[in-house]
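S.K.: Could you have a look at this structure, given as structure tokens, before my questions?
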Amino acid sequence: MSAAFQLAARYVLRHRFQSALLAGALGLVFTLPLCLRVLIDHAQRELRARAASTPQIVGTRGSALDLMMTALYFKRENLAALPFGTVAELRQKPGAAAIPLHVRFVAQGAPIVGTELDYFAFRGLRIAAGRQIVRLGDCVVGANLARERQLQPGGHVFSTPELAFDMAGVYPLKMRVTGV
30 MSAAFQLAAR YVLRHRFQSA LLAGALGLVF TLPLCLRVLI DHAQRELRAR AASTPQIVGT
90 RGSALDLMMT ALYFKRENLA ALPFGTVAEL RQKPGAAAIP LHVRFVAQGA PIVGTELDYF
150 AFRGLRIAAG RQIVRLGDCV VGANLARERQ LQPGGHVFST PELAFDMAGV YPLKMRVTGV
């Protein structure tokens, strides 16, 4: 056994680059699945935590995955709008609390979420600076977005036009930041 070990040691010393490359490849083969598993478990916990806090999502016919991603993570999908009368019908049912969301527009890449004040209480969100929305054209921005774009109460955010050259389309909206 000593001779085999000595022969292997001499081979490793003689072919250092090849041996290091082989050791690195073997290390990668063994650690990559473990690292991927840890990352996937973490992502799964994060996704399930937000979904578990949302009891039920109601929308028009279409992709359930698109509806879920829009409602939970504000991903902009081309979903048909649900008539507001449906929200009123849902609210009449005992034990039902319906909070409408409208996620169609963006402001420099960040989604603009149209909703009611009940959404803040439902998600446990609070205003750290400024005040709550009072009138049309007011907006509350998230802390991360405010830090990235250096926004503060009293500032303004412009919505991004859907089509740059569509003169008959929806014009950009200037929204006043009232809270962060």
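With the first letter of the sequence shown counted as 1, position 57 gets the number 86 in our numbering; the numbers rise by one all the way through. Using N, Cα and C, we set each Cβ at its ideal position, and we do this for glycine too.
(1) Could you tell me the alpha carbon to alpha carbon distance between Ser188 and Thr207, rounded to whole angstroms?
(2) Less than 8 Å between the beta carbons of Gln121 and Ala158, yes or no?
(3) Roughly how many angstroms separate the alpha carbons of Leu174 and Leu57, rounded to a whole number?
(4) Is DSSP giving Arg155 helix, strand or coil here?
(5) Can you tell me the Cβ-Cβ gap for Ile128 and Glu145, rounded? I've got them flagged as a contact below 8 Å.
(6) The alpha helix (DSSP H) with Ala93 in it runs from where to where?
(7) For Thr218, does the three-state DSSP call read helix, strand or coil?
(8) Determine the contact status of Gly166 and Arg205, defining contact as a CB-CB distance below 8 Å.
(9) I'd like the list of long-range same chain contacts for Thr89, defined as Cβ closer than 8 Å, with 5 residues on each side in sequence excluded.
(10) Would you mind working out which of Phe34, Arg45, Val186 and Gly114 sits nearest Ala139, comparing C-alpha positions?
(11) Return the CA-CA distance between Gly53 and Leu63, expressed in angstroms with no decimal places.
(12) Could you spell out the range, first to last residue, of the alpha helix (DSSP H) harbouring Gly114?
(13) Roughly how many angstroms separate the alpha carbons of Leu101 and Gly114, rounded to a whole number?
(14) What does DSSP give as the partner residue(s) for Gly208 in the beta ladder?
M.R.: To lay it out plainly:
(1) Ser188 and Thr207 have their C-alpha atoms some 16 Å from each other.
(2) Gln121 is not a Cβ neighbour of Ala158, given a cutoff of 8 Å.
(3) Computed Cα separation, rounded: 37 Å.
(4) If DSSP states are grouped into helix, strand and coil, Arg155 belongs with coil.
(5) About 6 Å; that satisfies the 8 Å criterion.
(6) Ala93 to Tyr102 is the extent of the alpha helix (DSSP H) around Ala93.
(7) No statement about residue 218 is possible, as the shown extent of the chain runs from 30 to 209 and does not include it.
(8) Their beta carbons are under 8 Å apart, which means Gly166 touches Arg205 by this criterion.
(9) Residues Leu108, Ala109, Ala110 and Leu111 of the same chain have their beta carbon placed closer than 8 Å to that of Thr89, with the five preceding and five following residues left out of the count.
(10) Comparing alpha-carbon positions, the option among Phe34, Arg45, Val186 and Gly114 lying closest to Ala139 turns out to be Val186.
(11) Approximately 16 Å, taken between the alpha carbons.
(12) Run containing Gly114: Phe113 to Gln121, per the alpha helix (DSSP H) assignment.
(13) One C-alpha to the other measures close to 22 Å.
(14) Answer is Gly159 and Val169, bridged to Gly208.
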